[in-house]
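Participant: Next up is a structure, given as structure tokens.
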Amino acid sequence: MSDTSPDGTAVMKTYREIEAALTAPGAAFELVNLEVDGDVFPVYRNAADNLYDMLSVHDADHADVVMIADDDRVMTYGAVHEAARRFAGGLAQRYGVGPGTRVGIMMANRAAYVVALIAITRLGAVAVLYNSRATPTEARQAMEDVPSEVVVADGKRAGLLVLIDNAPPLIVGDPDESEAPVMWDLIRWSPEGPHRRVAPDNTCLILFTSGTSGSAKGAMLTHRCITSVVKNMEFVAETNLEFASRNYGIPVDDLRAYSPRLSTLLVYPLFHVSGIASIMTVMNSGGVIVPMPRWERVYRRRRRTQRLPGHLGPDVADHAGAGDHRRRRRSGNRTDRRTSIEGRHGDHRIPECSRGNRAELRRNLVPNR
Numbered sequence: 001m002s003d004t005s006p007d008g009t010a011v012m013k014t015y016r017e018i019e020a021a022l023t024a025p026g027a028a029f030e031l032v033n034l035e036v037d038g039d040v041f042p043v044y045r046n047a048a049d050n051l052y053d054m055l056s057v058h059d060a061d062h063a064d065v066v067m068i069a070d071d072d073r074v075m076t077y078g079a080v081h082e083a084a085r086r087f088a089g090g091l092a093q094r095y096g097v098g099p100g101t102r103v104g105i106m107m108a109n110r111a112a113y114v115v116a117l118i119a120i121t122r123l124g125a126v127a128v129l130y131n132s133r134a135t136p137t138e139a140r141q142a143m144e145d146v147p148s149e150v151v152v153a154d155g156k157r158a159g160l161l162v163l164i165d166n167a168p169p170l171i172v173g174d175p176d177e178s179e180a181p182v183m184w185d186l187i188r189w190s191p192e193g194p195h196r197r198v199a200p201d202n203t204c205l206i207l208f209t210s211g212t213s214g215s216a217k218g219a220m221l222t223h224r225c226i227t228s229v230v231k232n233m234e235f236v237a238e239t240n241l242e243f244a245s246r247n248y249g250i251p252v253d254d255l256r257a258y259s260p261r262l263s264t265l266l267v268y269p270l271f272h273v274s275g276i277a278s279i280m281t282v283m284n285s286g287g288v289i290v291p292m293p294r295w296e297r298v299y300r301r302r303r304r305t306q307r308l309p310g311h312l313g314p315d316v317a318d319h320a321g322a323g324d325h326r327r328r329r330r331s332g333n334r335t336d337r338r339t340s341i342e343g344r345h346g347d348h349r350i351p352e353c354s355r356g357n358r359a360e361l362r363r364n365l366v367p368n369r
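If you use full-length UniProt numbering, the sequence shown corresponds to residues 1 to 369, in order.
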């Protein structure tokens, strides 16, 4: 920082002023006290009551905007939500899924996972996110701890689940050799399922602990929990915009107008809280998700990926095929050392590198506008 930069005390004072303004009565992030199970907590007055209400806002606003792009398919917000409504219809008609019913998901990161998750929340049911990397023994223990009425699985996990005694009925994400119904067939032929609103403190998701002291145990997350986390991320982003506005003398609306559309390369598994937080934030902002079974496939994308988890940058740059997918920037006779790994929905500028200069890469990994 330069000599004119504010000291730490001044910075914190500015942040506290911004936070107070944003959370004041009538403000976008107004805080109110709410009693939940005998304890009083500050909550956002304007947070959505349930997860489906939060996610469905962008169904109409961004209907023709790409929401998710994986190796199987590219789907817009409109297509994802239409598929979710119809899959909800199939779950309700064929399996009797409704408010409180537990529906498991066990598959790799992919478009079908997101469709299933939205469909389950539309019905007011509970999504049980089983570990897609589990062994047969671990999967059996998880299903004994948290049974589900039906499980949506991809082909690889379906093959594992059929080995488990008393496993719940399966819906497979892709056609396979089993006789299990195929998810996309249910979507094609089912009517739209009902929207069952449930109370904010009803269980929304069940994730699993790490199992470091024994087998993994189910942990229940409520609708209020998830929507509050997403609202809090919005609050942090808005706080930083306000601070930048004051620090650089640029109106907030101008900063917001020049901010790129949020996109993320999804490398965190969706059965983990990191993966759920990643997609909820992006979906709630109208951004795009690029899930990858293996992250190095990003270089095959036709366009660019705006955001990449920082710790992956060196490995992506060192990938054997990365050299063919960088874009050199030239100025006169000099070659700019900054290059771009081309992905699908954005851009990261990184210096040309070898395994010997990872420190330089980390210093220079910055978003490209």
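Think of the CB as a built atom: it goes at the ideal place given N, C-alpha and C, for glycine as much as any other residue.
Looking at the structure shown, is C353 part of a helix, part of a strand, or coil, going by DSSP?
Facilitator: Stepping through the sequence shown from its first residue, residue 353 is reached at position 353. Low per-residue confidence applies at C353: pLDDT is 36, beneath 50, and the placement is therefore not dependable enough to give any value.
Participant: Mind listing, in chain order, the continuous beta strand (DSSP E) runs of no fewer than 3 residues lying wholly within the stretch 167-220?
Facilitator: With a minimum length of 3 residues, the continuous beta strand (DSSP E) runs that stay inside the stretch 167-220 are 170-172, 203-208.
Participant: Quick check on the DSSP output: the beta strand (DSSP E) that includes M75 runs from which residue to which?
Facilitator: Working through the sequence shown from its first residue, we reach residue 75 at position 75. 74-76 is the span of the beta strand (DSSP E), which, as asked, contains M75.
Participant: Determine, using beta-carbon pairs with one atom in the stretch 138-153 and one in the stretch 86-99, whether at least three such pairs fall under 8 Å.
Facilitator: Contact holds: three or more Cβ-Cβ distances are below 8 Å.
Participant: Flag this pair as yes or no: are the beta carbons of L51 and I226 separated by less than 7 Å?
Facilitator: As a position in the sequence shown, residue 51 is number 51, starting the count at 1. As a position in the sequence shown, residue 226 is number 226, starting the count at 1. Yes, Cβ-Cβ distance for L51 and I226 is below 7 Å.
Participant: Over what stretch of residues does the alpha helix (DSSP H) that includes T23 continue unbroken?
Facilitator: As a first step, residue 23 is located in the sequence shown; it is residue number 23 there, counting from the start. Careful: T23 lies outside any alpha helix (DSSP H) and carries neither H nor E.
Participant: Could you check the C-alpha separation between L255 and L241 for me, to the nearest Å?
Facilitator: Here residue 255 is taken as the residue at index 255 of the sequence shown, counted from 1. Here residue 241 is taken as the residue at index 241 of the sequence shown, counted from 1. So the alpha carbons of these two residues sit roughly 7 Å apart.
Participant: Start and end of the beta strand (DSSP E) containing L265?
Facilitator: Translated into positions along the sequence shown, residue 265 becomes position 265. 263-266 is the extent of the beta strand (DSSP E) around L265.
Participant: Give me the Cβ distance between F235 and F29, rounded to the nearest whole Å; I'm assuming they're in contact under 8 Å.
Facilitator: Numbered from its first residue, the sequence shown carries residue 235 at position 235. Numbered from its first residue, the sequence shown carries residue 29 at position 29. Right, the Cβ-Cβ distance comes to about 5 Å (below 8 Å), so this counts as a contact.
Participant: Please report the distance separating the alpha-carbon of R304 from that of D49.
Facilitator: The residue you call residue 304 lines up with position 304 of the sequence shown. The residue you call residue 49 lines up with position 49 of the sequence shown. With a pLDDT of 48 at R304, under the threshold of 50, the modelled position of this residue cannot be trusted, and the question is left open.
Participant: Tell me, which residues are paired with T137 by DSSP?
Facilitator: Position 137 of the sequence shown, counted from the start, is the residue given in the question as residue 137. In the DSSP output, where bridge partners are listed per residue, T137 has none listed.
Participant: Which value, in whole angstroms, describes the spacing of the CA atoms of N284 and D59?
Facilitator: Translated into the one-based positions of the sequence shown, residue 284 becomes position 284. Translated into the one-based positions of the sequence shown, residue 59 becomes position 59. About 10 Å.
Participant: Which residues in the same chain have their Cβ closer than 6 Å to the Cβ of M1, if we skip the five residues on either side of it in sequence?
Facilitator: Along the sequence shown, one-based indexing puts residue 1 at 1. Only weak support is given to the placement of M1: the predicted model assigns it a pLDDT of 44, under 50, and the value that follows is read from those uncertain coordinates. Excluding residues within five positions, none has a Cβ falling inside 6 Å.
Participant: Classify P291 as buried or exposed, calling it buried when 16 or more other Cβ atoms lie within 10 Å of its own Cβ.
Facilitator: By one-based count along the sequence shown, residue 291 stands at place 291. Classification of P291: buried, given that the 10 Å Cβ count is 16 or more.
Participant: State the Cα-Cα distance for the pair I279 and A111, rounded to the nearest angstrom.
Facilitator: Taking the first residue of the sequence shown as 1, we reach residue 279 at position 279. Taking the first residue of the sequence shown as 1, we reach residue 111 at position 111. Going from the Cα of I279 to the Cα of A111 covers about 11 Å.
Participant: Let me know the secondary structure DSSP gives V230 once reduced to three states.
Facilitator: Start at 1 with the first residue of the sequence shown, and residue 230 comes out as number 230. Of the three classes helix, strand and coil, the one that applies to V230 here is helix, per DSSP.
Participant: Is it buried or exposed, M12, if we count other Cβ atoms within 10 angstroms and call 16 or more buried?
Facilitator: Within the sequence shown, residue 12 is the residue found at index 12, counting from 1. Per the 10 Å Cβ criterion, exposed.
Participant: When you compare only the Cα positions, how much space is there between residue 370 and R133?
Facilitator: Outside the modelled stretch of the chain, which goes from 1 to 369, sits residue 370, for which no answer is possible.
Participant: What first and last residue would you give for the beta strand (DSSP E) that runs through Y130?
Facilitator: On the sequence shown, residue 130 is found 130 positions in, with the first residue counted as 1. First-last for Y130: undefined, no H or E at that position.
Participant: Is the CB-CB distance between A142 and Y130 below 7 Å?
Facilitator: As a first step, residue 142 is located in the sequence shown; it is residue number 142 there, counting from the start. As a first step, residue 130 is located in the sequence shown; it is residue number 130 there, counting from the start. Against a cut-off of 7 Å, the Cβ pair of Y130 and A142 comes out as a contact.
Participant: Looking at the secondary structure, which residues open and close the beta strand (DSSP E) in which R102 lies?
Facilitator: Translated into positions along the sequence shown, residue 102 becomes position 102. Counting along the chain, the beta strand (DSSP E) containing R102 begins and ends at 102-106.
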